[in-house]
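S.K.: Line by line, the protein sequences give chains P and U. Note that this note's numbering has the first sequence beginning at 9, numbered continuously upward. Note that this note's numbering has the second sequence beginning at 6, numbered continuously upward. Where a beta carbon is used, it is the ideal one built from N, C-alpha and C, also for glycine.
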Amino acid sequence: MPAYDAINQAAGLIIPEIILLATVCIMFLASPFLVSETGKAAPGLRHRWGTLSLLALAAAGFAWLKSPISDTGLGPFQADQFVWFVRGLSIVFGMLLTMILWDQVEDGIAAEANACLLAILCGVNFVALSNDLVGIFLGLELVSIPTYILLNLGRHDWMRQEATIKYFLLSIFSSAIVLFGLSWIFGLAGTTNLTVIAARTAEGKVAIDHGMFRVALAMIIGGLSFRLTAVPFHFYAPDVFQGVSPSSAAMLSFIPKVVGFAALLRLLPVCVGLTGFVNWMPEGAVRGILTVIAVLTMVIGNLLALRQSSLLRLLAYSSIAHAGYMLVGLAVGNASQGTSGVASLLFYLSVYGVMTIGLFALITAAGNAGRPIRAIADLSGLSRTKPAIALMMTVCVVGLSGLPPTGGFLAKLNLFLAAWSEGSQDGRILAVTLAINAVIAATYYLRLISVMYFEESTTVSEPSDQNAAWVAGCLCAVATLVLFVAPQWLWNAAALALN
Amino acid sequence: MIALLFITLAIPAVTSLLLMLFRNSLNQSSSRWIACCGSAVALLFSVLLLSQYKAVTVDPLGTGNIPALSSADASSAVHPKAEFRRPWLATTDRLQLEMYFGLDGISVTMIALTTLLTTCSVLISWEAIKDRASEFYAAVLILETGLIGVFCSFDLVLFYIFFEMTLIPLFFMIAIWGGADRRWAAIKFFLYTLAGSLVTLSGLIYVVLYVAKQGLVNPTSIPALSAWLVANPLPASLQVPLFLAVSAGFLIKVPVFPFHTWLPLAHVEAPTAGSVMLAGVLLKLGSYGFLRICLPLFPEASLSIGLPVIGLLSVIGIIYGSLCALAQKDIKKLVAYSSVAHLGFCMLGLFALNTEGITGSILQMINHGLSTGALFLIVGMVYERYHTRMMDDLGGLATRLPLITVSMVFISMSSIGLPGLNGFVGEFLSLAGMFKENRLYAALGTTGVVLGAWYLLTAVQRVFFGTLHEPHHGDHDDEVSDMNAREFMAIAPLAVLCLWIGLKPASLIEIIEPDVKAVVDVLQGVRSVAPAATTAEVENQATDAIVFASARLEE
Numbered sequence: 009m010p011a012y013d014a015i016n017q018a019a020g021l022i023i024p025e026i027i028l029l030a031t032v033c034i035m036f037l038a039s040p041f042l043v044s045e046t047g048k049a050a051p052g053l054r055h056r057w058g059t060l061s062l063l064a065l066a067a068a069g070f071a072w073l074k075s076p077i078s079d080t081g082l083g084p085f086q087a088d089q090f091v092w093f094v095r096g097l098s099i100v101f102g103m104l105l106t107m108i109l110w111d112q113v114e115d116g117i118a119a120e121a122n123a124c125l126l127a128i129l130c131g132v133n134f135v136a137l138s139n140d141l142v143g144i145f146l147g148l149e150l151v152s153i154p155t156y157i158l159l160n161l162g163r164h165d166w167m168r169q170e171a172t173i174k175y176f177l178l179s180i181f182s183s184a185i186v187l188f189g190l191s192w193i194f195g196l197a198g199t200t201n202l203t204v205i206a207a208r209t210a211e212g213k214v215a216i217d218h219g220m221f222r223v224a225l226a227m228i229i230g231g232l233s234f235r236l237t238a239v240p241f242h243f244y245a246p247d248v249f250q251g252v253s254p255s256s257a258a259m260l261s262f263i264p265k266v267v268g269f270a271a272l273l274r275l276l277p278v279c280v281g282l283t284g285f286v287n288w289m290p291e292g293a294v295r296g297i298l299t300v301i302a303v304l305t306m307v308i309g310n311l312l313a314l315r316q317s318s319l320l321r322l323l324a325y326s327s328i329a330h331a332g333y334m335l336v337g338l339a340v341g342n343a344s345q346g347t348s349g350v351a352s353l354l355f356y357l358s359v360y361g362v363m364t365i366g367l368f369a370l371i372t373a374a375g376n377a378g379r380p381i382r383a384i385a386d387l388s389g390l391s392r393t394k395p396a397i398a399l400m401m402t403v404c405v406v407g408l409s410g411l412p413p414t415g416g417f418l419a420k421l422n423l424f425l426a427a428w429s430e431g432s433q434d435g436r437i438l439a440v441t442l443a444i445n446a447v448i449a450a451t452y453y454l455r456l457i458s459v460m461y462f463e464e465s466t467t468v469s470e471p472s473d474q475n476a477a478w479v480a481g482c483l484c485a486v487a488t489l490v491l492f493v494a495p496q497w498l499w500n501a502a503a504l505a506l507n
Numbered sequence: 006m007i008a009l010l011f012i013t014l015a016i017p018a019v020t021s022l023l024l025m026l027f028r029n030s031l032n033q034s035s036s037r038w039i040a041c042c043g044s045a046v047a048l049l050f051s052v053l054l055l056s057q058y059k060a061v062t063v064d065p066l067g068t069g070n071i072p073a074l075s076s077a078d079a080s081s082a083v084h085p086k087a088e089f090r091r092p093w094l095a096t097t098d099r100l101q102l103e104m105y106f107g108l109d110g111i112s113v114t115m116i117a118l119t120t121l122l123t124t125c126s127v128l129i130s131w132e133a134i135k136d137r138a139s140e141f142y143a144a145v146l147i148l149e150t151g152l153i154g155v156f157c158s159f160d161l162v163l164f165y166i167f168f169e170m171t172l173i174p175l176f177f178m179i180a181i182w183g184g185a186d187r188r189w190a191a192i193k194f195f196l197y198t199l200a201g202s203l204v205t206l207s208g209l210i211y212v213v214l215y216v217a218k219q220g221l222v223n224p225t226s227i228p229a230l231s232a233w234l235v236a237n238p239l240p241a242s243l244q245v246p247l248f249l250a251v252s253a254g255f256l257i258k259v260p261v262f263p264f265h266t267w268l269p270l271a272h273v274e275a276p277t278a279g280s281v282m283l284a285g286v287l288l289k290l291g292s293y294g295f296l297r298i299c300l301p302l303f304p305e306a307s308l309s310i311g312l313p314v315i316g317l318l319s320v321i322g323i324i325y326g327s328l329c330a331l332a333q334k335d336i337k338k339l340v341a342y343s344s345v346a347h348l349g350f351c352m353l354g355l356f357a358l359n360t361e362g363i364t365g366s367i368l369q370m371i372n373h374g375l376s377t378g379a380l381f382l383i384v385g386m387v388y389e390r391y392h393t394r395m396m397d398d399l400g401g402l403a404t405r406l407p408l409i410t411v412s413m414v415f416i417s418m419s420s421i422g423l424p425g426l427n428g429f430v431g432e433f434l435s436l437a438g439m440f441k442e443n444r445l446y447a448a449l450g451t452t453g454v455v456l457g458a459w460y461l462l463t464a465v466q467r468v469f470f471g472t473l474h475e476p477h478h479g480d481h482d483d484e485v486s487d488m489n490a491r492e493f494m495a496i497a498p499l500a501v502l503c504l505w506i507g508l509k510p511a512s513l514i515e516i517i518e519p520d521v522k523a524v525v526d527v528l529q530g531v532r533s534v535a536p537a538a539t540t541a542e543v544e545n546q547a548t549d550a551i552v553f554a555s556a557r558l559e560e
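In structure tokens, the structure reads:
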């Protein structure tokens with residue numbers, strides 16, 4: 009096959025990403041000409057960039073719906089059902105994140121901020137799309153590098169600088185570890201192509217039992233755990249969440265988790281010789297590592313969240329704990345009987361995205377650019393000053409705590425059923441830990457609600473200037489409730505992603 | 006009919022949402038009017054629902070050909086007569102959750118009771134709740150939503166969700182608008198009932214997963230689960246522990262004797278509306294849970310453990326509760342302990358596990374809601390006037406408050422079980438049912454009737470009769486006024502219903518009869534004794550007894 013045809017064919021698989029990257033290029037190239045030498049731009053420019061960003065995402069969404077789905081993965085990319093699901097997540101949540109970002113950035117840097125966000129979303133898609141170890145790594149970096157820029161854009165205070173530096177250093181460190189692990193797999197398998205690695209492993213040409221293989225997997229899981237904010241790789245999360253703006257925190261609470269789970273779901277089955285996840289179940293050492301990490305992440309995340317006074321730190325620990333719940337699904341895998349753990353994980357991931365992005369959107373909307381909400385005490389009396397926001401925030405918080413009537417309840421129920429019905433001792437331990445942790449978590453989530461409803465406001469209410477974030481929060485709160493009443497379509501999509 | 010049900014469920018929810026969203030612009034007066042309208046409209050719809058239910062399902066000609074309205078299997082112990090089923094979430098081919106709302110005779114009467122008592126609660130809180138009025142009424146209406154939801158849920162997930170949902174508004178009602186020791190009372194109430202219902206939850210999860218493994222695809226649907234367990238009973242070694250686990254939450258909720266310690270505290274500290282809702286409806290969730298879940302799912306364990314053990318605990322509860330009531334100085338605490346005794350009758354009838362007993366138990370659930378609800382209303386009225394509930398501080402109020410006294414005497418008679426009023430029918434049938442199963446329990450339970458007359462009449466005599474003895478009521482020196490029109494509106498429907506059920510219990514029994522029969526059929530299936538008397542005979546017995554008793558009264 010001539011090279012030209014190969015490139016042409018491969019490009020046909022990534023039309024949504026091409027649209028997004030083209031927009032990124034336009035933004036980066038055009039914005040310097042629209043900004044004065046002091047970095048000021050015409051007031052209202054951010055609305056144009058935001059609209060362009062949304063239009064690009066809508067176009068990518070259109071291309072996503074039209075995109076072909078094929079299970080063959082011989083070239084650099086594979087566009088299977090899993091990719092379809094991950095793309096859907098990144099495009100839908102990308103739109104919400106764009107809306108949160110809308111009024112958070114100054115006009116002068118709006119283009120760069122939006123472009124970074126789009127590039128991050130592209131990176132998410134590439135991790136899922138790649139049929140190659142190098143491709144996965146490049147996807148991970150396409151997420152990381154724009155994240156460094158995005159975190160550092162805008163207002164500069166020492167907290168944000170500390171947060172950015174901390175994230176930068178730990179992120180490149182974790183990337184290096186992942187890359188090291190990937191190189192060991194390359195060394196064992198002799199190729200970087202995932203399909204070929206799977207085939208060679210299945211034929212027995214690659215020794216799964218080899219100690220090197222375990223070391224490689226441990227390094228990959230460790231490195232990616234940084235992105236999942238799994239314990240013991242979670243230390244950066246509270247400081248970073250606290251330091252950066254709420255829009256960046258919204259992105260950090262969700263997008264790295266999608267990337268991390270996408271990469272793990274691509275790599276782990278391949279390493280036992282499977283190209284899909286239908287019959288995949290983590291075994292042996294991998295299972296042990298995932299189970300231990302899941303339990304630790306749930307317990308430590310929730311316990312540390314109990315005594316926080318900073319809202320963003322609390323949400324960072326809550327985000328850690330949620331990573332633990334999702335790891336339960338990964339540790340269970342697709343057992344032969346009962347509810348699928350991986351489908352439960354994907355279902356939980358989507359529902360969690362709705363709730364956490366909604367909550368951050370509402371936190372953004374409750375404050376204003378001059379005085380954002382940072383401490384839990386800032387929420388006091390919110391039900392008097394901004395009753396609609398308080399009510400929607402309550403919906404999201406109830407959802408995060410896993411109580412009905414929200415999609416969060418069904419998401420936790422699925423994970424519980426998956427872990428319990430899997431039948432092994434580990435599965436039961438995971439299920440029980442999950443249930444106990446949901447109870448522990450309820451205490452700090454309910455504290456947020458009681459602060460909003462039962463404490464008097466300490467400050468004068470200022471009108472909010474964050475309309476786009478308000479709309480995003482409203483959409484998320486409604487979706488949280490809708491996912492309780494009509495969850496089947498999302499489950500079907502998640503279950504289909506496994507095939 | 007199902008549309009009416011959803012309207013009844015939605016009205017309080019929407020009203021409370023309005024109260025929450027617009028609480029900045031609502032003052033005490035506007036929020037109570039909104040709450041009053043919301044609860045009254047819900048009451049109206051629930052009455053429509055009841056009448057429509059009766060028109061569709063009750064068979065006036067006695068042909069016995071009630072049209073089969075339910076999709077449930079004929080062998081099931083639970084048959085909703087109107088239903089709304091919708092696939093909810095199917096995670097595998099073998100585990101499918103569905104949303105299952107429905108109505109049967111028991112639930113439709115309990116829903117009517119809920120909406121009635123909510124309206125009364127709103128009316129009685131009119132002046133008493135001064136600060137954060139909109140939040141208070143929002144909490145009352147959320148509580149109403151949860152209670153209606155429990156009564157119309159025919160699937161375990163929804164049932165449990167609504168069951169727990171009732172805890173939160175009541176917790177806040179006690180913790181914010183309660184008496185001096187409200188924090189502790191609210192926390193004890195919350196933790197105690199939550200701990201119990203978590204044990205219930207674990208039992209239910211076990212049953213559901215066990216049955217799902219056996220092959221039932223929709224194990225959370227109560228009718229389907231019941232039919233499945235009739236065909237494939239759980240092994241006895243499993244039934245007994247599961248029965249006990251699932252019972253835990255309900256035993257605490259009722260509350261049955263050693264688990265009742267949270268109740269008097271919660272009642273005393275709760276605002277009047279909270280006490281009315283707590284005694285009137287919330288406690289019934291326990292007995293309703295037994296009726297709806299424990300008996301249909303674990304018929305053998307109900308016979309082997311439930312009848313002897315819970316029957317005994319109920320008898321102890323009747324006597325102990327009555328004796329405690331006798332010793333109280335606080336009149337609200339007295340009514341709270343009388344609840345323990347009355348629910349003892351309810352549980353005694355329920356665990357007779359025959360037609361008379363269960364019918365009596367359901368009647369007792371409704372009667373207790375009406376008469377104890379009314380007693381709490383009256384105690385609240387007295388407290389609002391004098392700011393004390395101590396019997397030593399009060400005396401001879403009949404001269405000052407004649408209308409309140411009349412209603413108190415009337416309601417006390419109903420609560421004591423005077424023939425011709427509602428309490429008698431329920432207690433009689435419960436005891437008659439238990440008499441067939443265990444004469445000792447029934448005989449001991451009967452003493453509760455005497456003790457009930459003793460403590461309530463003593464209280465009435467001390468507070469309302471004798472020489473006038475009023476405490477100094479500080480904030481206003483003018484004369485204390487008698488019952489006003491609003492309070493009359495709150496208490497009159499309860500009193501009328503007390504009389505109506507007492508005179509014409511058959512009109513209520515015919516609504517619940519088919520549902521009781523379905524449960525009893527399943528229980529009969531597992532025990533080999535002679536078939537119990539039909540409900541028609543029970544009605545005759547009850548009517549005879551009433552005629553006999555009223556004849557004697559006239560002498």
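Could you list the residues in the region 343-361 of chain P with a C-beta less than 9 angstroms from some C-beta on chain U, going in chain order?
M.R.: Flagged, chain order: Gln345, Gly346, Thr347, Ser348, Ala351, Ser352, Phe355.
S.K.: Assuming P/Glu291 is part of the alpha helix (DSSP H), what are its boundary residues?
M.R.: Premise fails: P/Glu291 is in no alpha helix (DSSP H) and is neither H nor E.
S.K.: Is it true that the CB of P/Thr155 sits closer than 8 angstroms to the CB of P/Ile128?
M.R.: Yes.
S.K.: Are there 16 or more other CB atoms within 10 angstroms of the CB of U/Ala232, so buried, or fewer, so exposed?
M.R.: Buried: at least 16 other Cβ atoms inside 10 Å.
S.K.: Just verifying my parser: in three-state terms, what is the DSSP assignment at U/Leu31?
M.R.: Three-state DSSP puts U/Leu31 in coil, outside helix and strand.
S.K.: When burial is assigned at 16 or more other CB atoms within 10 Å of the CB, is P/Pro76 buried or exposed?
M.R.: Exposed is the call here.
S.K.: Does the count of Cβ pairs from the region 67-74 of chain P and the region 22-40 of chain P closer than 8 angstroms reach three?
M.R.: Taking 8 angstroms as the limit for Cβ pairs, the verdict is that the region 22-40 of chain P does touch the region 67-74 of chain P.
S.K.: Who are the Cβ neighbours of U/Ala236 in its own chain at under 6 angstroms, not counting the five residues just before and after it?
M.R.: Hits under 6 angstroms: none found.
S.K.: Short of 6 angstroms in beta carbon distance, which residues of its chain neighbour U/Ile416, apart from the five on each side in sequence? Order them along the chain.
M.R.: Result list for U/Ile416: Ser376, Ala379, Leu380, in chain order.
S.K.: If you compare alpha carbons, which of U/Ile336, U/Gln333, U/Ile371, U/Thr360 is closest to U/His347?
M.R.: Answer by Cα proximity: U/Ile371.
S.K.: Please go through the same chain and pick out, in chain order, the residues whose beta-carbon is closer than 8 angstroms to the beta-carbon of P/Pro84, but skip the five residues on each side of it.
M.R.: If we look at P/Pro84 and ignore the five residues flanking it on each side, its Cβ neighbours are Ala18, Ser138, Asn139, Asp140, Gly143.
S.K.: Exposed or buried, U/Asp397, counting other C-beta atoms within 10 Å across all chains shown (16 or more means buried)?
M.R.: Looking at its Cβ environment, which holds fewer than 16 other Cβ atoms inside 10 Å, U/Asp397 is exposed.
S.K.: Since P/Ser429 meets chain U, which of its residues come closer than 9 angstroms, beta carbon to beta carbon?
M.R.: Those within 9 angstroms of P/Ser429 in chain U are Thr97, Leu100, Leu214, Ala217, Lys218.
S.K.: Residues of chain P with CB under 7 angstroms from U/Asn29, in chain order?
M.R.: In chain order: Arg392, Pro395.
S.K.: Name the chain P residues whose beta carbon is nearer than 9 angstroms to that of U/Ile166?
M.R.: Under the 9 angstroms cutoff, chain P gives Leu411, Pro412, Pro413, Phe417.
S.K.: Starting from U/Met494 and walking both ways along the alpha helix (DSSP H), at which residues does that stretch end?
M.R.: Per DSSP, U/Met494 belongs to the alpha helix (DSSP H) from 490-508.
S.K.: Consult DSSP for U/His272 and reduce its assignment to one of helix, strand or coil.
M.R.: Three-state result, U/His272: helix.
S.K.: What is the C-beta distance between U/Pro85 and U/Leu108, in whole angstroms, given that I count them as a contact (C-beta under 8 angstroms)?
M.R.: Contact holds; Cβ gap of about 6 angstroms.
S.K.: Which residue comes first and which comes last in the alpha helix (DSSP H) that contains U/Arg91?
M.R.: Unbroken run through U/Arg91 is the beta strand (DSSP E), 87-97; no alpha helix (DSSP H).
S.K.: Beta-carbon separation of P/Leu8 and P/Phe424 under 8 angstroms?
M.R.: Residue 8 of chain P lies beyond the residue range present for chain P, which begins at 9 and ends at 507; the question has no answer from this structure.
S.K.: Can you name, in chain order, every residue of its own chain whose Cβ lies under 7 angstroms from the Cβ of P/Val43, other than the five neighbours on each side?
M.R.: Cβ neighbours of P/Val43 beyond the five flanking positions: Ala49, Gly116.
S.K.: In whole angstroms, what is the alpha-carbon distance linking U/Val384 and U/Ile166?
M.R.: Going by the C-alpha atoms only, they are around 32 angstroms apart.
S.K.: So is P/Thr393 buried or exposed if we call it buried at 16+ other beta carbons inside 10 Å?
M.R.: Label assigned to P/Thr393: buried.
S.K.: Relative to chain U, which residues along the region 264-290 of chain P have a C-beta separation below 9 angstroms, given in chain order?
M.R.: Going along the region 264-290 of chain P in chain order, one finds no residue with a Cβ nearer than 9 angstroms to chain U.
S.K.: Taking 8 angstroms as the CB-CB cut-off, is P/Leu399 touching chain U?
M.R.: It does; some Cβ of chain U falls within 8 angstroms.
S.K.: Starting from U/Met178, find everything on chain P with Cβ-Cβ shorter than 7 angstroms and list it in chain order.
M.R.: Neighbours of U/Met178 on chain P: none; closest Cβ ~13 angstroms, over 7 angstroms.
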